[in-house]
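Number of protein chains: 2
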Amino acid sequence: MHDRLWEIVELDFSPDELLHYETLFTIGNGYLGTRGAFEEGYPGDTPVTLVHGVYDHTPGMLVPELVNVPNWLPINIYVDGTPFKLITKTTDFMRPPEGVVLGYRRALNMRRGVLTREVLFRAPSGNIVRLEFERFASLHDIHVLAQRVRITAVDGNAHIRVESAIDADVTNAGVPHYLPEFTLDDRGDTIGVELKTQQSKYIVGVASRLVSPRRIQTGSTEKRPYTVTSFDLAQEDWVVLDKFSSIYTSRDALSPLETAQGKIAEAASVGYEELRARHEAEWAKYWATSDIHIDGDEEAQRALRFTTYHILIPAPRLDERVSIGAKTLSGLGYKGHVFWDTELFCVPPLILTQPKLARNLLMYRYHNLPGARHKAQANGYDGAMYPWESTDTGEETTPQWSDPQPDGTKIRIWTGDSEQHISTDIAYAIEKYWRWTGDDEFLTQYGAEMILDTAVFWGSRVEEKNGRFEISQQIGPDEYHENIDNSVFVNRMVVWHLQTAFAVLDWLKANAPADHQRLVEALKLTPERLALWLDITQRMYLPFDTNEGIHVQFPGFFDMEYIPVPHYTPRIGSVQAMLGHARTIQTQVIKQADVVMLMALLGENIGVPEGFSVREVMLNNWNTYYPRCDHGSSLSPAMHAWTAARLGLIDTAYELFDHAVHIDLHDNKGNVRDGIHAAACGGVWQAIVFGFCGLHIDAAGQPAVDPRLPEHWRSVTFTVYYRGEKQTFTVKNPALVSSS
Amino acid sequence: MHDRLWEIVELDFSPDELLHYETLFTIGNGYLGTRGAFEEGYPGDTPVTLVHGVYDHTPGMLVPELVNVPNWLPINIYVDGTPFKLITKTTDFMRPPEGVVLGYRRALNMRRGVLTREVLFRAPSGNIVRLEFERFASLHDIHVLAQRVRITAVDGNAHIRVESAIDADVTNAGVPHYLPEFTLDDRGDTIGVELKTQQSKYIVGVASRLVSPRRIQTGSTEKRPYTVTSFDLAQEDWVVLDKFSSIYTSRDALSPLETAQGKIAEAASVGYEELRARHEAEWAKYWATSDIHIDGDEEAQRALRFTTYHILIPAPRLDERVSIGAKTLSGLGYKGHVFWDTELFCVPPLILTQPKLARNLLMYRYHNLPGARHKAQANGYDGAMYPWESTDTGEETTPQWSDPQPDGTKIRIWTGDSEQHISTDIAYAIEKYWRWTGDDEFLTQYGAEMILDTAVFWGSRVEEKNGRFEISQQIGPDEYHENIDNSVFVNRMVVWHLQTAFAVLDWLKANAPADHQRLVEALKLTPERLALWLDITQRMYLPFDTNEGIHVQFPGFFDMEYIPVPHYTPRIGSVQAMLGHARTIQTQVIKQADVVMLMALLGENIGVPEGFSVREVMLNNWNTYYPRCDHGSSLSPAMHAWTAARLGLIDTAYELFDHAVHIDLHDNKGNVRDGIHAAACGGVWQAIVFGFCGLHIDAAGQPAVDPRLPEHWRSVTFTVYYRGEKQTFTVKNPALVSSS
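Quick mapping for you: the protein sequence lines, in order, are chains A and B. Residues -15 to 724 in this note's numbering are what the first sequence lists, from first letter to last. Residues -15 to 724 in this note's numbering are what the second sequence lists, from first letter to last.
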């Protein structure tokens, strides 16, 4: 009862929803993520566990990907000789030939970070058993994975056999990532396996132990060490079995399997309940800052906890050389690659609520500066040019071609070439982190170098022509329009970037002169270079239509066919999916917040020509671009919600927020099976805190709110860190407060 | 936004959910109910419209049933020659061979009583149209049925053809109910059809008119008059078409078709929007009293409005010769028959919120006194013995045999013979109505006669033996145990019944002596008969276990096998479904609240032997019977919730309430396709008002509350009539009030 708004519950098992719920019910602890696959397996399931940083580029594949490590979940239960499976239909419910499930309930408790499942199963013998499964990936000790199963003989005296295994015969949807040699241990009471990835040569070790009140026996079939135990269970009796597993890789241990085996011994001696108590205590710490309380909208409350949970579980706790992929660790989509989704969507909530985690994520970019410099150099530019898609190497890993379409053709993917704003997005996150945390040590040692060296890149990237600075061949956030010239988003953000570079230099000069000197020398920040930067900030071309009083997404945008996107409701897919790629890119249909995103990021600092009101231009922009956007990207609705809230368009803001917060829960994009939409999860946090609540740093340098709450919300309570101090804000809806 | 908690929304069309949503999205107005089938049809759909009172007993069938009248919904839309169908999969989304649905949203707005559906459809031509459907069954004029469709050409210039029809080729799931002769009118702008039922000879007339801005044409295929209109729609243009339909039967008009045609002309001249405004105004009146506002539980709030909606739409507004069937007018389940579900579950909420509707329902029983007297006589008893299942005739219509089981055998159904408590249930509702409304005219003219003549029945039914009065061969609420002797529920309620008969007689004598005299004579309430009644109230056998301090459901109950029902969770079906009928009836598994129901109905008046505390016995009863109940009936959880709340077992009460309020929405019983569970809907209202809020009439004769709210509910606000005066109660949760 207490956890009514903390649980996502699946009340019926529907095979059609198998992969959707597998993603939703992912558990994780910042080290790994394990999809909510069943212990006993199911046809077509994808029992994937991804460990941060363990990428592999199998020969023949376009790009590297996060590797599916051995499956630690398998627990197979035989009732009177018949394996328990989720069979829901049968010819005879009293004597089901293959057994049948009579009851089912699965729940993810987000407060506790625990996934439970209860099943009532009748064996062909007619006997009925109740199976209660529980699992968690310890947040207290990231190498501890725990499972418990309680078996109750409900009707009849049942013979039970339980087989617990590690399944190392795993692939990434058919792509093999391990070398043929492997080590297997099935001798003692702990089973284990160790493998090595093909190209990257990471070693992965997994160990596991089943704790049973009865005698156990270990053995193995090919790549599958197992433990079995069996016993009779009299009617109304029950038994509890615990399974402890541990994963280490050569990224974190010299002898992964051996270390995992040691961890298992430790876990088993601590015991399941104490491990769970420690795990829950860590979750309580997370939620103490990360939980946003909405009073007056329970559905939004529950969904918001879900999105927050899915930002927290992939956020690395101890490792600053990994980052959150676009699909977190919850699925194979986008191959575990890291995009701007991290810095502009996932990092800001963490900056304010879990600053240590945010710092880890930003350090990932610092460690990958060599890759960014390499990309700049390879493209003929100076400084650091971050890759659009990033893995463990820091090299550009965006595939250049799509997988073949049904007709065999491939589509050229230009984002790795042209979506260059990623470098500025990273700078934006660093500046935000520094401003909110006051972590000057981070700035001087790491952050400044990234902001400045990416500024160096832009200084070499802009083109002086037509008496101004231009940037050609870009892809802005609206990816329907590729390789366009003078994206207002890109050009304006580059101006912001260079201005920020000056601000950082000024601060360093005044506060950390040695670091200033070091960076000026190392990055060759010559007076000529700085003069060029200043010139760019003053003469950058920012497309603006003075007749309409709007920012122009890019010159030529309004010459294309106008499609009234609102007419395409209700819709299941994007307008692009309806009109086709070829036609869409020649229309004014926008994939996602672009000028609107610029308004979210810069607010009233967006800048307008002399004689124009910023507020009016922002409203004009909204009225122009909102009806043209088909939200073909999951990143879009939350940014729209944020901006609409700031513009006072509350009903529209709520509608967009409501869509954004349910993108995964309702499978609004139809592809949740591939993984959680991390950016949407981070976006809804920002839509609430920056949008509806209007959190900002005021003129006095203090955090302040400026609420524009949905009409039915009574209040929102959230907690943020500002310069090391925790502050809790309760924002009330004046309309409701006065009427109650 | 405003209606966020007033809407049930279906966001994806799933063929598996077709019949479930058809039931949920039933519209109605107390005259008829129409399932939420699609205008264009769908394979396997059940587009059923049921009109109150129109039963027919087709030769060869076991029992009569409510007749499915002609389908007034059909609107078929052809886009560029292709019929719009809900096709969600295709080989080519750009040029779908049979068309394809690109977007879908359906919503039942309960506040407005309006069902809407929006669909985005692509024709094989590639053109995309948006279709917005709306329908309502006017609550203002029960013979007006209105539909609107708005068609927008979203992409491409489309050719549109619309065919509106009445489909009179209907059956009840294959069972024909009409005579072969029928009248069809397809001459003017209004189409119509008239049919006559086979056995009952009811005449049903349906008329319909399509209002189009373009030329229309009428015609017919066999039993299917139609109107067509067609036009070209340029991209971004739209058109609105209205369809008005009307149904009359020989129960309410001399010439049903002609009267319906006249009503159509009137409706068309009033116009769609004005008709809808009048309809919504009537709904506003309903909700002004019937809405219960729960603060602190939005999901319960929405679900509760849904259950209330489904009590309101089948409640007859103008007709006192019909009643609400166990599945309302929303499906063919139980054939439209009326059970105790009406008096003990649906009537009490209406007594307190819509007393006129409650009166109509009680008058149905008055008009059917002849049937009840006939049943008593046929069984060798005096007075009036109401049928377990009732239709338009008042005769017993319970089938004696089930339909054949898979193995060809049939099960004998004993409820029509032995579930005799129905007569007392009706008396209970009448007494409650009288007490709350103060409608003395109803009592003197109608109510007293029913209470007294059913008391006469019981006087002749009880058996004096073993030095006490006993009642053998009964079925109590727990229908798993059939033909048992001395059900404590039955015996105790009979005592209540006879005591109430005395109270009524006393009141009549004092306040309406002429009526007293009339009834004493007519019903032969001789001094001997009254002396017998008094004796029965004093010497009735009420099974009680003095060792355990519990009421005994019936002697011998505890000699049977004990099955710990809680072990059977989570479960999809009942424990009976798991163990089989044959075994279950020999165990202590209880189908539904029985002793618990007695506690709900009588509260602390349940009565205990000298020396026992009522409160303790009630708790003992709860602890005994709750763990034995498998809620095999949808009537059970709400009664348990009510009782648990009164006993202060709030968490358990909430859990049971939560189950009850979602029985239809979550299809907790797996049979919503057959219709709404009316009793569950009425039960949740009582669980809240009588259970959680503790509404009662206090010692001073005034309504008062005694709240035991679920811990997370802030407050509950409800409105009831007491003796003609409307009173609104706001019950606050003290724990939450003090902390906020």
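No residue lacks a Cβ here, since even glycine has one placed at the ideal position from N, Cα and C.
Note down, in chain order, every chain D residue with its Cβ under 9 Å from the Cβ of residue i.
i      : result
A561/B : The chain labelled as chain D is not found among the protein chains of the depicted structure, namely A and B.
Given this structure, state the Cα-to-Cα distance separating residue i from residue j, to the nearest angstrom.
i      : j      : result
I459/B : S402/B : 5 Å
E82/A  : P108/A : 6 Å
M562/B : V573/B : 12 Å
A584/B : Y318/B : 26 Å
V645/B : E283/B : 10 Å
H405/A : V474/A : 6 Å
W267/A : S122/A : 9 Å
T521/B : L482/B : 7 Å
V446/A : D519/A : 11 Å
Is there at least one Cβ from chain B nearer than 8 Å to residue i's Cβ?
i        : result
L633/A   : no
E23/A    : no
I556/A   : yes
R106/A   : yes
R235/A   : no
E415/A   : no
G587/A   : no
T712/A   : no
L(-5)/A  : yes
T553/A   : yes
R119/A   : no
R(-12)/A : yes
Taking buried to mean at least 16 other C-beta atoms within 10 Å of its own C-beta, is residue i buried or exposed?
i      : result
S724/A : Below a pLDDT of 50, predicted positions are generally treated as unreliable, and S724/A, at 34, falls in that range; the measurement from the model is reported next regardless. S724/A comes out exposed.
W480/B : buried
A157/A : exposed
W385/A : exposed
I11/B  : buried
D221/B : exposed
G685/B : exposed
P27/A  : exposed
When you compare the CB of residue i with every CB in chain A, is at least one pair closer than 8 Å?
i      : result
V223/B : no
D391/B : no
P611/B : no
L328/B : no
G431/B : no
From which residue to which residue does the beta strand (DSSP E) around residue i run?
i       : result
W222/A  : W222 to T233
T375/B  : Looking at the DSSP string, T375/B is not in any beta strand (DSSP E), and its letter there is neither H nor E.
F453/A  : R452 to E454
E(-9)/B : E(-9) to E(-6)
For the alpha helix (DSSP H) containing residue i, list its first residue and its last residue.
i      : result
R19/A  : No alpha helix (DSSP H) contains R19/A, which DSSP labels as neither H nor E.
N725/A : Past the boundaries of the shown model lies residue 725/A; chain A is included only from -15 to 724, so the question cannot be answered.
A142/A : Segment A142 to A149 is the beta strand (DSSP E) holding A142/A; no alpha helix (DSSP H) there.
S402/B : T399 to S402
R419/B : I406 to T421
Count the CB pairs spanning the segment 213 to 224 of chain B and the segment 178 to 191 of chain B that are closer than 8 Å, and state whether there are at least three.
No, the segment 213 to 224 of chain B does not touch the segment 178 to 191 of chain B.
Under 8 Å: do the segment 53 to 70 of chain B and the segment 387 to 405 of chain B share three or more Cβ pairs, one atom per stretch?
The segment 53 to 70 of chain B makes no contact with the segment 387 to 405 of chain B; the number of CB pairs closer than 8 Å stays below 3.
Counting beta carbon pairs with one atom in the segment 685 to 700 of chain A and one in the segment 323 to 330 of chain A, are three or more of them shorter than 8 Å?
The segment 323 to 330 of chain A, when compared against the segment 685 to 700 of chain A, does not touch it at the 8 Å Cβ threshold.
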